[in-house]
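Structure, as C-alpha cells:
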Amino acid sequence: MSNNKLECLSVSKLYEKNGNKIWALKNLNLEVKEGEFLAIVGPSGCGKSTLLKLMASLERPTEGKILLDGKELRDPGPERAMVFQYFSLFPWCTVLENVEFGLKMLNVEEDERRERALHYIKLVGLEGFEDYYPRQLSGGMKQRVALARALAVNPEVLLMDEPFGSLDAQTRNFLQAELLKIWEEEKKTIVFVTHSIIEAVYLGDRVVLMTSRPGRVKEVFEIDIERPRDKGSSEFSRVRSEILSSLKKEVLKTISSEYSLDLKEIAEMIR
Ligand SMILES: Nc1ncnc2c1ncn2[C@@H]1O[C@H](COP(=O)(O)OP(=O)(O)O)[C@@H](O)[C@H]1O
Ligand SMILES: [Mg+2]
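Residues in the sequence shown are numbered consecutively from 2, following the numbering used here.
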C-alpha cells in the first residue's frame with residue numbers, strides 16, 4: 002500500500018481560447034502523501050491554479066489522471082475543500098451562515114451544523130464575530146472565515162491557492178503559524194500554492210518547484226528544518242536561496258528562449 006493521498010499521473014491540461022491553444026500543464030507527475038503539507042511554487046502563469054482546480058475536480062485533465070486514495074477522480078467531493086486567494090465569501094451571509102453553507106449543502110442537520118460551524122469559527126479565532134457580515138471584517142478575518150468554511154465540511158484534503166497572497170505581512174505571518182497549528186491538530190493533507198518561497202519553506206514538508214508553462218515538476222525540495230521554523234535562521238536562508246536560484250534559472254531559461262538571447266546576455270542585462 003502506498004501512503005499517497007493524491008497522485009497526478011502524466012497530467013496535461015489544454016485550454017482553448019479564441020482559437021488559441023495553451024497547454025497550461027504538460028505531463029505533470031506528483032504525489033502528495035497522506036497528512037503531508039505540500040507547498041507549490043513556480044513562475045507566474047505556470048499552471049499552479051490549474052493544478053489545484055484539477056485536484057478539486059473543478060476541471061478535468063485533458064490527458065492523464067489524478068488519483069485520490071488510489072481511485073481516479075472525476076467529480077468534486079466533500080473530501081476536498083478549496084480556499085482561494087480572494088475571499089470567496091457570500092457578502093449577504095453572516096460569518097456563521099458562511100461557515101454553515103457547505104454543511105447545509107451536505108444536508109447536515111441544523112443542530113450539528115451549528116455546533117460544527119461554531120467549533121471551527123472558534124478554532125480560527127473568530128469567536129464573537131458569528132453575526133458579522135464580510136464587509137465588517139478585515140482581509141485577514143475574511144480569510145479565516147474562508148478557512149473555517151473549508152474545515153467545517155471535514156475534508157481530508159485542503160487545497161489552498163495563494164490564500165494569504167493579498168494580506169499584509171504581519172497578518173500573513175500570523176495566519177501561517179495558525180494554519181500550521183490547525184494542520185497539526187486536524188491531521189489534514191494540505192496542498193498550498195504560493196508565490197512566496199519564504200512562505201513555502203516556512204510551511205511545507207516538501208516544496209515543489211514547477212517549470213514555466215506548460216507546467217511540470219522541475220524540482221522537489223525536502224524541508225528538514227524543525228518546526229516552528231525561524232525565517233531568520235541561516236538554515237532557513239540556505240534552503241530559500243537554493244530554491245530561489247533554481248526558480249531564477251527557470252525564469253531565465255524561458256526569457257532566453259522567448260527572446261533568443263543566451264543566458265550570459267541576460268545576466269549582463271539584469272546585473
Ligand atoms: N479558463 C482558462 N481559459 C484559457 N486559459 C486559461 C484558463 N485558465 C488558465 N489559463 C491559462 O493557463 C495558464 C496557467 O494559468 P494558471 O493556472 O492560472 O497559472 P498560475 O496560477 O501558475 O499563475 C495561463 O497561461 C493562463 O492564461
Ligand atoms: Mg494562480
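Yeah, the Cβ is synthetic: ideal placement off N, Cα and C, and Gly gets one too.
Nothing here was measured: the structure is a model prediction, and the numbers come from that model.
Residues bridged to residue i [DSSP beta-bridge criterion]
i: Cys47; result: Paired residue(s): none; Cys47 is not in a bridge.
i: Tyr16; result: Ile23
i: Val218; result: Met211
i: Met161; result: Val84, Phe193
i: Lys66; result: Leu10
i: Glu223; result: Arg207
Where residue i falls, given that 16 or more other Cβ within 10 Å makes a residue buried
i: Phe346; result: Absent from the structure is residue 346, since the part of the chain shown begins at 2 and ends at 272.
i: Ser213; result: buried
i: Val1; result: The requested residue 1 is not part of the displayed model; the chain covers only 2 to 272.
i: Gly20; result: exposed
i: Lys219; result: buried
i: Arg145; result: buried
i: Asn99; result: buried
i: Leu74; result: buried
i: Gly216; result: buried
i: Glu259; result: exposed
i: Glu340; result: This structure does not reach residue 340, given that the chain is present from 2 up to 272, and the question cannot be answered.
i: Arg228; result: exposed
DSSP state of residue i mapped onto helix, strand, coil
i: Arg81; result: strand
i: Gly71; result: coil
i: Lys6; result: strand
i: Val109; result: coil
i: Ala118; result: helix
i: Ile41; result: strand
i: Val33; result: strand
i: Asn28; result: strand
i: Gly233; result: coil
i: Ser246; result: helix
i: Glu11; result: Note that residue 11 is Ser in the sequence shown here, rather than Glu. Of the three classes helix, strand and coil, the one that applies to Ser11 here is strand, per DSSP.
i: Glu259; result: helix
i: Arg228; result: coil
i: Leu168; result: coil
i: Ser58; result: coil
i: Leu90; result: coil
i: Val125; result: coil
i: Leu138; result: coil
i: Phe102; result: helix
i: Asn174; result: helix
i: Val252; result: helix
i: Lys188; result: coil
Rounded distance between the beta-carbons of residue j and residue i, thought under 8 Å
i: Gly205; j: Phe85; result: With a Cβ gap of about 19 Å, Gly205 and Phe85 do not count as contacting.
i: Leu26; j: Lys14; result: 4 Å
i: Thr190; j: Lys6; result: 5 Å
i: Pro44; j: Val252; result: 5 Å
i: Val158; j: Glu80; result: 6 Å
i: Phe193; j: Ile23; result: At roughly 25 Å, the Cβ-Cβ gap does not stay under 8 Å, so Phe193 and Ile23 are not in contact.
i: Gly126; j: Glu179; result: 7 Å
i: Ile226; j: Arg207; result: Incorrect: roughly 12 Å between the Cβ atoms, too far for contact.
Closer than 7 Å: residue i CB and nearest ligand 3 heavy atom
i: Glu163; result: Ligands in the displayed structure: ligand 1 and ligand 2; ligand 3 is not one of them.
Exercise for the section: Assess, as a yes-or-no matter, whether the segment 153 to 162 is touched by the segment 50 to 63 under the definition of 3 or more beta carbon pairs within less than 8 Å. Expected result: Cβ pair count under 8 Å is three or more, so yes.
Practice task
Answer yes if the segment 131 to 148 comes into contact with the segment 28 to 37, meaning at least three C-beta pairs across the two stretches below 8 Å, and no otherwise.
Solution key: No: the two stretches stay apart, fewer than three of their Cβ pairs being nearer than 8 Å.
Exercise for the section: Would you be able to state if there are at least three C-beta pairs under 8 Å between the segment 164 to 179 and the segment 5 to 24? Expected result: They do not touch, by the three-pair rule.
Exercise for the section: Decide yes or no for the touch test of the segment 146 to 157 against the segment 88 to 108: beta carbon pairs closer than 8 Å, at least 3 of them. Expected result: The segment 146 to 157 is in contact with the segment 88 to 108.
Handout entry: Cβ contact (3+ pairs, closer than 8 Å) linking the segment 113 to 127 and the segment 65 to 72
Key = With a cut-off of 8 Å, the segment 65 to 72 and the segment 113 to 127 do not count as touching, because too few Cβ pairs lie within range.
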